[in-house]
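Per full-length UniProt numbering, the sequence shown starts with residue 1, numbered consecutively. Some notes on the structure that comes next.
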Amino acid sequence: VRRGCGEASWQPTAFYRKLLSGMPPSTSRPGSRAGSSTASGILSPHIKVADRPVTQQGLSGMKTGTKGPQRQIMDKTYYLGLLRYVLNSKRRRCKEIAHSQVKLEAVQLCEKLSELEERRNQMIAEDKNMESPQEERERLLKQVKEDSQEVASMERQLADVRKKTNHFKKVIQQLDMDLEKHQGEENWKYKELKKKEESMDNFLENFEEVKNQELDRKAQIEASIIALLEHSSRNVNHMKQISSVTYQELKIMQEDLTFKSSEMQKSQNTAKYLITESQKLQMDLQKMELLEGKMTDELASLKERIEKTTADLEVYKDLPALKASGEEKKKRLQEEKEKLTKLSHGFKKIMETLNAEYETLKRELQENETYSQLTNLERKWQHLEQNNFMMKEFIATKSQESDYQPVRKNVRKLVTEYNKALIEALQNTKS
1 VRRGCGEASW QPTAFYRKLL SGMPPSTSRP GSRAGSSTAS GILSPHIKVA
51 DRPVTQQGLS GMKTGTKGPQ RQIMDKTYYL GLLRYVLNSK RRRCKEIAHS
101 QVKLEAVQLC EKLSELEERR NQMIAEDKNM ESPQEERERL LKQVKEDSQE
151 VASMERQLAD VRKKTNHFKK VIQQLDMDLE KHQGEENWKY KELKKKEESM
201 DNFLENFEEV KNQELDRKAQ IEASIIALLE HSSRNVNHMK QISSVTYQEL
251 KIMQEDLTFK SSEMQKSQNT AKYLITESQK LQMDLQKMEL LEGKMTDELA
301 SLKERIEKTT ADLEVYKDLP ALKASGEEKK KRLQEEKEKL TKLSHGFKKI
351 METLNAEYET LKRELQENET YSQLTNLERK WQHLEQNNFM MKEFIATKSQ
401 ESDYQPVRKN VRKLVTEYNK ALIEALQNTK S
């Protein structure tokens, strides 16, 4: 009820809804004949409008009497006026309630009644959801059986875990042995590969220098070969010219040429060998890196398995502690059952007391004078609003009927035309 004093939380009563549903909006305009006859008939059946003659403009007057109940008109002005009146009335009544001790008590009683109803509904819902002692006993017995079965299952699982633990211990021992053996072989391989890697690093570090030296040597040999060839050709030409060259000198020159050619071939073969050896060492290095990564992953996996097995052993090795926790859980559930039973009896007594208070407050509210006064005021307000609306409609209709401006304009127009015609006739007569 207190929340009803705010503007945003007002809800129309059943009487207002009935009033609004009984007055649908009309399709005619406020000044039409149907609206005027309905307004005059509902507001005052003694008001009559005389028949008007048909004018030159084709306007006919209002007919006398009424046409019976017609559709009432509710436009935007009516709804705004209705809303404004209701809000003002609500504010006025809130002020009256705030300054009246009896009304304040009535508001407080209504609030208390609402709270008690909500509490009663909540307690009824809790009572419906609450189990009976027999059902609760059966549920607890069933839970005890399930706990016993769970304990037996845990014992079986514990036996299985012990078997698995022994198996894992053997597996771990075997893995340790294999790991030691594998580590010995891997250490030897690692040392060999380490040596190869060092030699390869040294080779790679000195490769450019050795390569440059060999290329320089090759260039020198090629230059010396070219020089020797030129020298040989000159000597051959010279030998043709000079027949005094001995056979011994020619043989020495051929041997020198053969030696230089073999040295050049060796330098080329050395360069090819160095390139091939470099590629081979690169492949060996990649294989070593892959092998090292696999070994690291295997070691990490073995450590995780060992830690997991150790944790499982710590959990399942203490069977008496597991039994004790099961007994403690059973005891705790029994204590909770007793507490809930006591709470159930207490809630039932509280609900009976609240039901009695609810019935008393409901009876007092029905016998309260303020409630009957509010009902009478609502009825009076409805009657006044309806009369006010009918009076507005009647005034609008009469204002439209007494509007003489169109006739006045038409008469002035006719007088002007008639005067023009007379002036033209006089001018024609004089001429």
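Using N, Cα and C, we set each Cβ at its ideal position, and we do this for glycine too. Computed from a predicted structure; not experimentally measured.
Practice problem: Measuring alpha carbon to alpha carbon, tell me which of Q373, K218, E277, I226 ends up nearest N202. | Solution: As a working note, residue 202 is residue 202 in the sequence shown. Of the listed residues, the one whose Cα sits closest to N202 is E277.
Quiz prompt | Three-state secondary structure (DSSP) of S100 | solution = By one-based count along the sequence shown, residue 100 stands at place 100. Note: S100 maps to coil in three-state DSSP.
Practice problem: Determine, using beta-carbon pairs with one atom in the region 213–232 and one in the region 265–280, whether at least three such pairs fall under 8 Å. | Solution: A contact exists between the region 213–232 and the region 265–280.
Self-check item: For L313 and L175, believed in contact at Cβ under 8 Å, the rounded distance
Solution: As a position in the sequence shown, residue 175 is number 175, starting the count at 1. As a position in the sequence shown, residue 313 is number 313, starting the count at 1. About 17 Å; that fails the 8 Å criterion.
Quiz item: Which one of T353, L257, F347, D318 has the shortest CA to CA distance from L229?
Solution: Position 229 of the sequence shown, counting from 1, holds the residue named residue 229. For L229, the nearest C-alpha among the options comes from L257.
Exercise. Determine the direct distance from the alpha carbon of M154 to that of K323, and round the result to whole angstroms.
Key: As a first step, residue 323 must be located in the sequence shown, where it is residue number 323. As a first step, residue 154 must be located in the sequence shown, where it is residue number 154. Rounded to the nearest angstrom, the two C-alpha atoms are 10 Å apart.
Quiz item: Just to confirm, does D147 get its C-beta within under 7 Å of one of the non-hydrogen atoms of the ligand NAD?
Solution: In the structure shown, the ligand NAD is absent, as is every other ligand, since no ligand is present at all.
Quiz item: Would you say L116 and Y371 are within 8 Å of each other, going by their C-beta atoms?
Solution: On the sequence shown, residue 116 is found 116 positions in, with the first residue counted as 1. On the sequence shown, residue 371 is found 371 positions in, with the first residue counted as 1. Their beta carbons are not under 8 Å apart, which means L116 does not touch Y371 by this criterion.
Quiz item: For S89, which of helix, strand or coil comes out of DSSP?
Solution: For the purposes of this step, residue 89 is taken as the residue at position 89 of the sequence shown. Look at S89 here: in three-state DSSP terms it is helix.
Self-check item: Any 3 or more C-beta pairs closer than 8 Å across the region 120–127 and the region 345–354
Solution: yes
Quiz item: Do the region 328–348 and the region 135–150 meet, that is, are 3 or more Cβ pairs less than 8 Å apart?
Solution: yes
Quiz item: What is the DSSP secondary structure of K380, counted as helix, strand or coil?
Solution: On the sequence shown, residue 380 is found 380 positions in, with the first residue counted as 1. Helix.
Quiz item: Excluding the five sequence neighbours on either side, which residues of its own chain have a C-beta within less than 7 Å of the C-beta of S224, listed in chain order?
Solution: Here the question's residue 224 lines up with position 224 in the sequence shown. So the qualifying residues of the chain are K260.
Quiz item: Is it true that the CB of V151 sits closer than 8 Å to the CB of G326?
Solution: For the purposes of this step, residue 326 is taken as the residue at position 326 of the sequence shown. For the purposes of this step, residue 151 is taken as the residue at position 151 of the sequence shown. Cβ atoms of G326 and V151: closer than 8 Å.
Quiz item: Can we say the region 99–106 touches the region 360–376, given the rule of at least three CB pairs closer than 8 Å?
Solution: yes
Self-check item: Contact the region 389–396 vs the region 83–95: 3+ CB pairs below 8 Å
Solution: Under the Cβ criterion (8 Å, minimum of three pairs), the region 389–396 does not count as touching the region 83–95.
Quiz item: Any idea what DSSP makes of N368, helix, strand or coil?
Solution: Here residue 368 refers to the residue found at position 368 when the sequence shown is read from its first residue. N368 falls in the coil class under three-state DSSP.
Exercise. Compute the Euclidean distance between the alpha carbons of L377 and L384, then round it to the nearest angstrom.
Key: Looking up residue 377 in the sequence shown gives position 377. Looking up residue 384 in the sequence shown gives position 384. Near 11 Å, if we compare the C-alpha coordinates of L384 and L377.
Quiz prompt | Length of the line joining the Cα atoms of K409 and A425 | solution = The residue given as residue 409 occupies position 409 in the sequence shown. The residue given as residue 425 occupies position 425 in the sequence shown. Their Cα atoms are separated by approximately 25 Å.
Exercise. Could you tell me if Y78 is buried or exposed, where buried requires 16 or more neighbouring beta carbons within 10 angstroms of its beta carbon?
Key: Within the sequence shown, residue 78 is the residue found at index 78, counting from 1. By the neighbour-count criterion, in which 16 or more other beta carbons inside 10 Å mark a residue as buried, Y78 falls on the buried side.
Quiz item: So M288 and L193 are in contact, right, with Cβ under 8 Å, and what is the actual spacing, rounded?
Solution: For this step, residue 288 is matched to residue 288 along the sequence shown. For this step, residue 193 is matched to residue 193 along the sequence shown. Confirmed, Cβ separation roughly 5 Å.
Quiz prompt | Three-state secondary structure (DSSP) of S262 | solution = As a first step, residue 262 must be located in the sequence shown, where it is residue number 262. If DSSP states are grouped into helix, strand and coil, S262 belongs with the helices.
Quiz item: A50 by DSSP, collapsed to three states: which one?
Solution: On the sequence shown, residue 50 is found 50 positions in, with the first residue counted as 1. Residue placement at A50 is poorly supported in this model, since its pLDDT is 40, which falls under 50; the coordinates are not used for a value here.
Exercise. Please report how far the alpha carbon of S232 lies from the alpha carbon of M253, in whole angstroms.
Key: Walking along the sequence shown from the start, residue 232 turns up at place 232. Walking along the sequence shown from the start, residue 253 turns up at place 253. Approximately 8 Å between the Cα atoms of the pair.
Exercise. Have a look at K339 and R119 and give me their C-alpha separation to the nearest angstrom.
Key: Taking the sequence shown and counting its residues from 1, the one referred to as residue 339 is at position 339. Taking the sequence shown and counting its residues from 1, the one referred to as residue 119 is at position 119. Each residue's alpha carbon lies about 22 Å from the other.
Quiz item: Is E214 closer than 8 Å to S267 when the C-beta atoms are compared?
Solution: As a position in the sequence shown, residue 267 is number 267, starting the count at 1. As a position in the sequence shown, residue 214 is number 214, starting the count at 1. A contact, by the Cβ cut-off of 8 Å.
Self-check item: Alpha-carbon spacing of residue 505 relative to V171, whole angstroms
Solution: Outside the shown range of the chain, which is 1 to 431, sits residue 505, and nothing can be said about it.
Exercise. Under 8 Å by Cβ, that's how I've got L281 and M177 pegged, so tell me the actual separation to the nearest angstrom.
Key: For the purposes of this step, residue 281 is taken as residue 281 along the sequence shown, with counting starting at 1. For the purposes of this step, residue 177 is taken as residue 177 along the sequence shown, with counting starting at 1. Going by Cβ atoms, the distance from L281 to M177 rounds to 34 Å, so no, they are not a contact pair.
Practice problem: Identify, in the order they occur along the chain, each residue of the same chain with its Cβ nearer than 7 Å to the Cβ of W381, setting aside the five sequence neighbours on each side. | Solution: Start at 1 with the first residue of the sequence shown, and residue 381 comes out as number 381. Taken in chain order, the residues that qualify are S89.
Practice problem: Check whether the Cβ atoms of E364 and L109 sit closer than 8 Å, and answer yes or no. | Solution: Counting from 1 along the sequence shown, the entry for residue 364 is found at position 364. Counting from 1 along the sequence shown, the entry for residue 109 is found at position 109. Against a cut-off of 8 Å, the Cβ pair of L109 and E364 comes out as a contact.
Exercise. Have a look at residue 457 and R137 and give me their C-alpha separation to the nearest angstrom.
Key: Lying outside 1 to 431, the shown extent of the chain, residue 457 is not represented and no answer is given.
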